[in-house]
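Comments concern the structure below.
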Amino acid sequence: MLSVAVFLPLFGALVLLFVPEAQRRAVRAIALVFLSLSALAVLLIAIGFHAGQGLQFVEDVPWMPALHVNYFLAVDGLSLVMLGLTALLGLIAAIAAHGITERTKLFFILFLLLQTALLGIFCAEDLILFMFFFDVMLIPMYFMIGIWGSGRREYSAVKFLIYTIIGSVVMLIGILALYFHTGQQTFSIPELARLVASRRLPVVWEDWIFLAIVAGFLIKLGIVPLHTWLPDAYVDAPIPASLILAGVMSKVGAYGLLRVSQYLLPSAAQHFAALLAVLGVITIVYGALAATAQHDFKKLVAFSSVSHMGFVLLGIAAGTQLAITGAIFEMVSHGLVVGMLFLLVGVIYERTHTRELSRFGGMYASLGSGGGILGFAAMANLGLPALSGFIGEFFVLAGAFTVFRTEVFWAILGIVLIAGYNLWMLQKILMGPEREEWKGLPAINGRELVTLVPLMALCVLLGLFPNSIIHVLHLPVQQLVAHLGGQ
Amino acid sequence: MVGYAWIVPALPLAAYILHVFVGRRLKERAAYFGVVAMGLASVLGVTILVQAAGGASAHVSVPWLQIGRYSVPMGFTVDPLSAVTMAMVTVVSWMIEIYSLGYMHNDPDFNRFFANVNLFVAGMLTAVIADNFLLFFMAWEIMGLCSYLLICHWYRDSSNARAATKAFLVTRIGDVGLLAGIWWIFSITHSFQFSQLAPALHAAALAPAALTAIALLVFLGPVGKSAQIPLQIWLPDAMAGPTPISALIHAATMVAVGVYLVARTYPIFQLAPGALVWIGYIGAITAFMAASIACVQTDIKKVLAYSTISQLGYMMLGMGVAGSMVAGMFHLISHAFFKGLLFLAAGSIIHAVETQEMHRMGGLFRKMKATSITFIIGALALAGIPPFSGYFSKDPILSAAAASPYPLMFWLGVLGAFLTAYYMTRACLLTFFGKPRDQHVYEHAHESPAVMTVPLWVLAVPAALLGLFAAGAFRSFLAPGYVPPSGGPAASALTLALPLLGVLVGALIYGGGRTAFRVAAIRALRPLYVFLKQKWYFDQLGLALMYIALGVAWIVAAFDRYVVDGIVNGLGALAGLLGRATRTLADGSAQAYMLTLLLAVAVGLIALQLIGG
Amino acid sequence: MPVDFGSVGPEIVLAGTGMLLILLSAFVAKERQRPLAYVGILGILVALALSWADSGATGTALAGMVRLDPISTFFRVTFLAAALVVALTGLDFVQSRGVSVGEFYALLLLATTGAILMALAWDIVMLYIGLELLSVLSYVLAGFFREDPKSNEAGIKYFLNGALASAVLLFGLSMVYGLTGTTSIPGIAAGLGRAVQGPMAPVALLALGFILGALAFKVAAVPFHLWAPDTYEGAPTPFAGFLAAVSEGAGMAAIIRIVFTGMAPLSSSFGVWIAVLAALTMTVGNVTALWQTNFKRLMAYSSVAQVGYILVGLAVVTREGISSVLFYLFAYLFMTLGVFAVIAALSVQGQGEDIADYAGLGQRNPWMAGLLTLFMASLVGIPTTAGFMAKLGLISASVSGGYTWLALFLAVNSAISVGYYWNVVRNMWLRPSPEGAVPARRATSAAAGLGLAVAAVGVLVIGLLPNTFYVFAHWASFIPGH
Amino acid sequence: MTGVPLVDFLVVAGLLFAIGLWTALRRTNAIMILMGIELMLNAVNLNLVAFSRYMPGDAMRGMVFALFVLTVAAAEAAVGLAIIILVVRRRGVVDVNKVNLLRG
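Residue numbers (numbering that gives the first Met the number 0), protein chains in the order written: chain R, 0 to 486; chain H, 0 to 612; chain C, 0 to 481; chain A, 0 to 103.
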């Protein structure tokens, strides 16, 4: 079942190879069908999932027996949540890819490939398989930014590629060092986790291995000072790609931290917890400040994204049940919110062909309900209670408070700044006298609403009933916390 | 009925949802549903109050969230504090909604207005009955959101937009303090339940400094929301919103919810007496400062806004010095009625004359009898003239301050009371009496329709009579057995006399067209006048802080662009430069290649001999 | 001593076919020599089949001059496979240039024989003969397009440098002979084992330096690499592929034979030097490649960089290291030959060899561009391709062998390499076609199509299902003396 | 013959190698470079033969090796000369450093 969910998009990509380029509608329809099928498979997995059990839907077959590498897919609560997010955002991004009118076939082939890689990452339980998916996703994303992007797209695309490759190779070194130093001849994450208790690694080694692995994840997560690829890539990518980048791909870094580095190297994780927490806080404040100073709508969203990932890192570093649960919740929530924001960037850009905040103004009326949705998104982004973002940030900081009090107080500064730039953005775009040049813009249309409304609805639902996903997170987080030796 | 208290916030919430989904189709008719819902809510709210007064109480809690070993239930509680506040909120909101039907009639965004108002009321009521910090905070932020949305209701005006942003941001500063307080408490008590916090904190035997810090962090929320110094700067700007909003959110309910929070968490503050002193001082200073600024305002809504800040200061002062939340709470309730009334009456005037400048009004008494009379009732209550309600609610606060070991608080308080009476007299005289200063405005003026005046009358009743009839009952209901500290007869005399003196001074200066005297007085007191006109320069301070933040943001953005990015690009360029150097090795000459080869062999041989052996 | 020719059957077939081709091409007009190429391909296939059938054999042959063991079998198969791909994909190209196909294929086969003999050699005389066979024919092949000044230049430069390197190698070999009194590789190992104990140890190191330097020239390690870019750029494209896949492999084989086996007693000395060489080679190769505009020259620097990676495995001096080197060489052959095959195929269609000429290829010829992208991804080391698995093996070996710093070097270099590999990819997909670009012609000849398919399938199969190949490489990595 | 110690041969061979090297690196004429390299090969041969003469045991190996070197060197020289002649014919120069179309 898992393999079906993961590889359906790839299969779709293969089918697309044989569809003529000119049949743009057919191409899009086929892509959507396969993405929906894959999402359906994820839904079925979610239905069949038992929150009280560990890894489920296990598929574990030898892949490279000579290297002790297995094709090992399974889901636990954390995986399930991320799979759901990926499937949903994939579908939405594909709908939002309506504006891709050139080389459509190539775009959807790459998109489907990317979706397979992302789904694969979130259920790979073998480290090499994980790395495999982790790197595969680079290539389609490179092309999506490079071919359909805007601005300095070539620069951004290659920067993204180089940054991530260096991170992933360093991570690979770390993973291999871990493998050799455990001496157990397995890359299976649950197996390695079981070995953690016996603490076989020399401390110095564990620290180095930890740093190597974490470096790759921090790059992916866009943590200051390893973030510079991120604003460029987010801004120059086409909207569907930005959505996937910010909504799903950046979460891969956090997922990796939870699944690999913190889980398998708990004592090093404790050594470096303070460092990670400080980096998290720096990211929060730095990202928020940088976002405040942006004049480009999309860049603002990009830096906002950086800032939010700081919360995730802080939560993960804190290592308490509350904080980690909050961090995971924040990952999901940020996926939804940043999705909305990038979609709205697209909605506005499509109408005005500019992203300069100073050129907007008074657009509340002209966007139809789009203005309200933008307001909603901004409020969700600033962490308004009753929306999902609040729950994540609240529990991250509540959980981190016992461990990193000073850091939490700094993070609070970030919260104020986050409110600042979001409000400022709303003020610039929606309010003030209506500009002559934007009068009579077409209101938000049905297709755009189809992409936005599910995200809004989920944002509200998760904000009001967070337990709906938190209850499946209980077990994996508890295991992780137990490994870390915390509360 | 008390067990069904959740229905009270649910009613306006339902109205909100109706507005959002079918508001556009129903046009202005949608608002009637909201008014009816609020009417029902009022009936229910008052019923619950009556039942609670009869001894009923309720606490309902359902599981909501489970994270590890922490469970976070959601629930509501009906106790005297919430029952009283809920009844007040429902009634005031209902009146204001009715009034708004008239006031906002024909506004192009009528539906949005009502939607937001209903959401706000739902939030406010939720906050009032919330039994835990988390739900309370959610509701509290929803209120903040609605406040924001309603301040920029007329969003096309940039200054409204700025005011809204400012309001949200400044209160946000307080909110994060509150959040930190909540987290701190949670880290000790593992609970958000109001009822469990103080005992658990007590049991944890924290250092007094820590307790004070916790209490002050929690208090930071009310400082923002209830516009206490130094975060008061947002409230006057918030008058950019429609006047019913000023009445509802920025006078009667939301701004008071900060005080309500202090009342709700009073047991925590009682553990931290140090914090209570802070609260008392902040309240007293706020009360005095805002009153002084109100004296020089010419915009009728601004006068009321500053008076709101000032009165909120009194409530906080009461919280700080009275040893019980009952004094502050009573002032909250009575203030809600008379300030709501004042704003609505002011709205009625603005509706009629289409200006907020008192200098362009005058003599309106003749044209708008109902409005004028109700406004004056409110003004008298605000000024603290017996037997109006304000006197009965303010007096216990001031006498408690007099009884406290901090005389400065008392003096600030009574001086503020004097100023209050003065500026309200000034406002009444400028608006309703004397010769019309702007003939055009005067001729245009007319009494508002009944849909607006009836709520005025309804609110005027409690504004006038609540103190006289309910003060004692209120105290015994909220805090049975509590004996208010008495400041002695001298203090009582001062509290009574200074407001009267204020009226007198006001009448002397503004009665009977003594313009020349006024101008002379202003000239004589020029520095003071400017100081007050500039609102004690708090706005400039805030602006300066904002510019500093923006400057830092700009620096960070530039740093990111040129330094961080520069380093990365520089590393890339470095690889490129290295490549440029190494490529010159391959200069095309075969012999040079051979030479390189042999040199490399030679170097290798020497190295092997030296190190490798 | 009976001379056993049976175990060198593949080489005999190969050399025989080569000589037959020379003979035949004297009688067949240049324009009609295409069938001769098929004869050559057949010869390679027969040799491949023979060596496959013979792959279990172990033992010496030709009077102890060659030894069949897993590792030499591995190289034999690898070189034959590479020669096969070169032969398939080079046919159109060679024919289109109006030269004698028969001669070209004859030389190719004989050079391959030389390369295989280097791998099989169990005596330094045989090693030398194999090396010279490969080298001398390579000089001819490099200058094969007599009318092309670039080809001439490639030939003369390769020749002069190569001859010098041969002399250096021989000098080192003569010292080894002087120290040990024997030319047989196991005899040398034994003799050196005694010599390093005595006063002659510095001489042994001197010999090591000469031999390592000369072989470093063969594999084009920095700073012995300068011939490579000029030769690759000037030489006929299929032969450039041959250089990258076979000639370098032969150099590696020779290093394993003479240095790792014959000079095993000095193994404490050479590991770290090979490591330095590896770091230098990959870095210089990569950063210099950043500036290249000619695709073949770029590939030359790319192969320099790849050699740097491969040397990482050698530096570890463990069986895992050797195993990862073998795996890498095997994987590398498909990716690099794939690239050269695409260059050749497009060149036949009239496209230039500058990277700028590849702009817009993604739209002109998506299949070719897709294949080239696949090979480039493999060279960078991105999963689903052979390159990832190969790098995984190298990193794994270096980490387990205590050379983590070298692995980190490899990491940084992988990132640098994106700069130029992806420059080509960017040109193909992100840039519009230049004015007057050659219009798309999808059809290629069956031979070239087959060759490309072999390369692409090789890259993907090794990338996705590498287990068999790991097992193969591991089996082959057993070397006597370790 | 037996009166000459091995080291003398080696010194002569080393000198030959050095002279050849010097020639190969200093002369720009391609033919001269080729001759320099041939000198180096001769040095090797001298080495091999001398070792072979003075070595105990399997003495013939060095001789045989030297023979192989001679043969192969001849073949190499032939190919080299052919390439050089080709270049001289097409470019009209015999100075190797002027053959530098390819660089960078």
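The beta carbon of each residue, even a glycine, is placed where N, CA and C say it ideally should be. These figures come from a predicted structure and were not determined experimentally.
| message | If you measure between the beta carbons of serine 416 of chain C and asparagine 293 of chain C, is that distance less than 8 Å? | response | Taking the first residue of the third sequence as 1, we reach residue 416 of chain C at position 417. Taking the first residue of the third sequence as 1, we reach residue 293 of chain C at position 294. Contact flag unset, no.
| request: Anything in the stretch 453 to 473 of chain C with a Cβ closer than 7 Å to a Cβ of chain R? List those residues in chain order, please. | output: Result list: Pro465, Asn466, Tyr469, Val470 and His473.
| Taking all protein chains shown into account, do 16 or more other C-beta atoms lie within 10 angstroms of the C-beta of lysine 427 of chain R, making it buried, or fewer, making it exposed? | Within the first sequence, the letter at position 428 stands for residue 427 of chain R. Under this definition lysine 427 of chain R is a buried residue.
| request: Write down the C-beta distance between alanine 250 of chain H and lysine 338 of chain H rounded to the nearest angstrom, noting that I regard them as a contact closer than 8 Å. | output: Position 251 of the second sequence, counted from the first residue, corresponds to residue 250 of chain H. Position 339 of the second sequence, counted from the first residue, corresponds to residue 338 of chain H. By a beta-carbon distance limit of 8 Å, alanine 250 of chain H contacts lysine 338 of chain H. Their separation comes to about 4 Å.
| query | Applying a beta-carbon distance threshold of less than 8 Å, which residues of chain R neighbour leucine 178 of chain H? | reply | Within the second sequence, residue 178 of chain H is the residue found at index 179, counting from 1. Result: Phe393, Leu396, Ile411 and Ile414.
| Excluding five sequence neighbours on each side, which residues of the same chain lie with their C-beta closer than 7 Å to the C-beta of valine 336 of chain R? | Here residue 336 of chain R refers to the residue found at position 337 when the first sequence is read from its first residue. These residues qualify, in order along the chain: Ala376, Ala379, Asn380, Gly388 and Cys458.
| query | Ends of the alpha helix (DSSP H) at methionine 430 of chain R? | reply | For this step, residue 430 of chain R is matched to residue 431 along the first sequence. From DSSP, methionine 430 of chain R is part of no alpha helix (DSSP H); its letter is neither H nor E.
| request: List the whole-angstrom C-beta distance separating glycine 415 of chain H from alanine 286 of chain H, where the pair is believed to meet the contact cut-off of C-beta under 8 Å. | output: Mapped onto the second sequence, residue 415 of chain H falls at position 416. Mapped onto the second sequence, residue 286 of chain H falls at position 287. Contact flag correct, Cβ pair sits at about 4 Å.
| task | Compare the C-beta of methionine 0 of chain C with all C-beta atoms of chain A and state if any pair is closer than 8 Å. | result | Translated into positions along the third sequence, residue 0 of chain C becomes position 1. Note that methionine 0 of chain C scores a pLDDT of 45, beneath 50, so its modelled location is shaky; the value from the coordinates is reported in the next line. No, methionine 0 of chain C does not count as interfacial toward chain A.
| Contacts of alanine 9 of chain H in chain C (Cβ-Cβ under 9 Å) | Here residue 9 of chain H is taken as the residue at index 10 of the second sequence, counted from 1. One finds nothing in chain C with a Cβ atom closer than 9 Å to the Cβ of alanine 9 of chain H; even the nearest lies about 54 Å away.
| Which residues in the same chain have their Cβ closer than 8 Å to the Cβ of glycine 351 of chain C, if we skip the five residues on either side of it in sequence? | Here residue 351 of chain C refers to the residue found at position 352 of the third sequence. Within the same chain, glycine 351 of chain C has no close Cβ partners at all.
| query | Got a sec, what are the start and stop residues for the beta strand (DSSP E) serine 60 of chain H sits in? | reply | Position 61 of the second sequence holds residue 60 of chain H. Where serine 60 of chain H is concerned, the enclosing beta strand (DSSP E) stretches over 57 to 66.
| Assigned exposure category for glycine 612 of chain H - 16 Cβ within 10 Å defines buried | Here residue 612 of chain H refers to the residue found at position 613 when the second sequence is read from its first residue. Bear in mind that the predicted position of glycine 612 of chain H carries a pLDDT of just 49, short of 50, making it unreliable; the figure below should be weighed with that in mind. When all chains shown are included, glycine 612 of chain H counts as exposed.
| Listed by chain order, chain A residues near glycine 587 of chain H by CB distance under 7 Å | For this step, residue 587 of chain H is matched to residue 588 along the second sequence. Within chain A, the C-beta atoms nearer than 7 Å to that of glycine 587 of chain H come from Asn99, Leu101 and Arg102, in chain order.
| said: Between the alpha carbons of asparagine 44 of chain A and alanine 166 of chain C, how many angstroms are there, rounded? | reply: Stepping through the fourth sequence from its first residue, residue 44 of chain A is reached at position 45. Stepping through the third sequence from its first residue, residue 166 of chain C is reached at position 167. In a straight line, the C-alpha of asparagine 44 of chain A is about 10 Å away from that of alanine 166 of chain C.
| request: At 4 residues or longer, and completely inside the stretch 238 to 303 of chain C: list those alpha helix (DSSP H) runs for me, N to C. | output: Note on the stretch 238 to 303 of chain C: whole alpha helix (DSSP H) runs with a minimum of 4 residues are 247 to 253 and 266 to 288, in chain order.
| task | Between the Cα of threonine 372 of chain C and those of C:Leu116, C:Pro198 and C:Met427, spot the shortest distance and give me the residue it belongs to. | result | As a first step, residue 372 of chain C must be located in the third sequence, where it is residue number 373. Residue C:Met427 holds the alpha-carbon nearest to the alpha-carbon of threonine 372 of chain C among C:Leu116, C:Pro198 and C:Met427.
| said: What would DSSP say about threonine 185 of chain R, mapped onto helix, strand or coil? | reply: Residue numbering aside, residue 185 of chain R sits at position 186 when the first sequence is read from its first letter. For threonine 185 of chain R, the three-state secondary structure derived from DSSP is coil.
| task | Compute the distance between the beta-carbons of alanine 345 of chain H and leucine 311 of chain H, then report whether it is under 8 Å. | result | Locating residue 345 of chain H in the second sequence gives position 346, where the first residue counts as 1. Locating residue 311 of chain H in the second sequence gives position 312, where the first residue counts as 1. Not in contact: alanine 345 of chain H and leucine 311 of chain H (Cβ atoms no closer than 8 Å).
| message | So that I know if they touch, is there some Cβ in chain C lying closer than 8 Å to that of valine 567 of chain H? | response | For the purposes of this step, residue 567 of chain H is identified with residue 568 of the second sequence, where counting begins at 1. By this cut-off, valine 567 of chain H is not an interface position.
| Taking contact to mean at least 3 C-beta pairs separated by less than 8 Å, is the stretch 100 to 112 of chain R in contact with the stretch 219 to 227 of chain R? | The stretch 100 to 112 of chain R vs the stretch 219 to 227 of chain R: no contact.
| query | Roughly how far, in whole angstroms, is the beta-carbon of phenylalanine 387 of chain H from the beta-carbon of leucine 397 of chain H, given that I think they are within contact range, below 8 Å? | reply | Taking the first residue of the second sequence as position 1, residue 387 of chain H is located at position 388. Taking the first residue of the second sequence as position 1, residue 397 of chain H is located at position 398. Not confirmed; about 16 Å, so no contact.
| field | Contact set for isoleucine 30 of chain A: own chain, Cβ-Cβ below 7 Å, skip 5 residues either direction | value | By one-based count along the fourth sequence, residue 30 of chain A stands at place 31. Correct list, in chain order: Ile83 and Val93.
| query | glycine 612 of chain H CB to nearest chain A CB: under 8 Å? | reply | Here residue 612 of chain H corresponds to residue number 613 of the second sequence, with the count starting at 1. With a pLDDT of only 49 at glycine 612 of chain H, under the threshold of 50, the placement of this residue in the model should not be trusted; the figure read from the coordinates follows. Not one chain A Cβ lies under 8 Å of glycine 612 of chain H.
| query | Taking Cβ positions, are alanine 138 of chain H and alanine 237 of chain H nearer each other than 8 Å? | reply | Locating residue 138 of chain H in the second sequence gives position 139, where the first residue counts as 1. Locating residue 237 of chain H in the second sequence gives position 238, where the first residue counts as 1. Annotated as distal: alanine 138 of chain H and alanine 237 of chain H, with beta-carbon spacing of 8 Å or more.
| request: Using a Cβ-Cβ cut-off of less than 8 Å, list which residues of the stretch 57 to 79 of chain A approach chain E; keep chain order. | output: In summary, chain E is missing from the structure at hand, where the protein chains are R, H, C and A.
| task | Could you name the residues of chain C that proline 4 of chain A contacts, counting a contact when the two beta carbons are closer than 9 Å? | result | As a first step, residue 4 of chain A must be located in the fourth sequence, where it is residue number 5. Residues of chain C passing the Cβ test: none, with the nearest at roughly 14 Å.
| message | Counting C-beta neighbours from all protein chains within 10 Å, is the total for proline 235 of chain H 16 or more, i.e. buried, or is it exposed? | response | Locating residue 235 of chain H in the second sequence gives position 236, where the first residue counts as 1. By the 10 Å Cβ count, proline 235 of chain H comes out buried.
| query | Where does tyrosine 154 of chain H fall in DSSP's three states? | reply | Position 155 of the second sequence, counted from the start, is the residue given in the question as residue 154 of chain H. Taken through DSSP and simplified to helix, strand or coil, tyrosine 154 of chain H comes out as coil.
| task | Return yes when the Cβ of isoleucine 174 of chain R is within less than 8 Å of the Cβ of isoleucine 212 of chain R, no when it is not. | result | Taking the first sequence and counting its residues from 1, the one referred to as residue 212 of chain R is at position 213. Taking the first sequence and counting its residues from 1, the one referred to as residue 174 of chain R is at position 175. Pairing isoleucine 212 of chain R with isoleucine 174 of chain R gives a Cβ-Cβ distance under 8 Å.
| request: Enumerate in chain order the residues of its own chain whose CB-to-CB distance from phenylalanine 8 of chain A is below 7 Å, with the five nearest sequence positions on each side excluded. | output: Here residue 8 of chain A corresponds to residue number 9 of the fourth sequence, with the count starting at 1. Leu45 and Ala49, listed in sequence order.
| query | Where tyrosine 280 of chain H and leucine 411 of chain H are concerned, what is the direct C-alpha to C-alpha distance, given to the nearest angstrom? | reply | Here the question's residue 280 of chain H lines up with position 281 in the second sequence. Here the question's residue 411 of chain H lines up with position 412 in the second sequence. Straight-line Cα distance between these residues: approximately 9 Å.
| From the DSSP output, which residues share a beta bridge with methionine 73 of chain H? | As a first step, residue 73 of chain H must be located in the second sequence, where it is residue number 74. DSSP output for methionine 73 of chain H lists H:Val61 as bridge partner(s).
| request: Compare the C-beta of threonine 581 of chain H against all C-beta atoms of chain C and say whether one is closer than 8 Å. | output: One-based indexing of the second sequence puts residue 581 of chain H at position 582. Threonine 581 of chain H counts as touching chain C.
| task | Give, in chain order, every residue of the stretch 134 to 152 of chain C whose Cβ lies closer than 7 Å to some Cβ of chain A. | result | The stretch 134 to 152 of chain C vs chain A, Cβ under 7 Å: Val135, Tyr138, Val139, Gly142, Arg145, Pro148, Lys149, Asn151 and Glu152.
| query | Are at least three pairs of beta-carbons, each pair with one atom in the stretch 440 to 450 of chain H and one in the stretch 345 to 358 of chain H, less than 8 Å apart? | reply | Cβ pair count under 8 Å is three or more, so yes.
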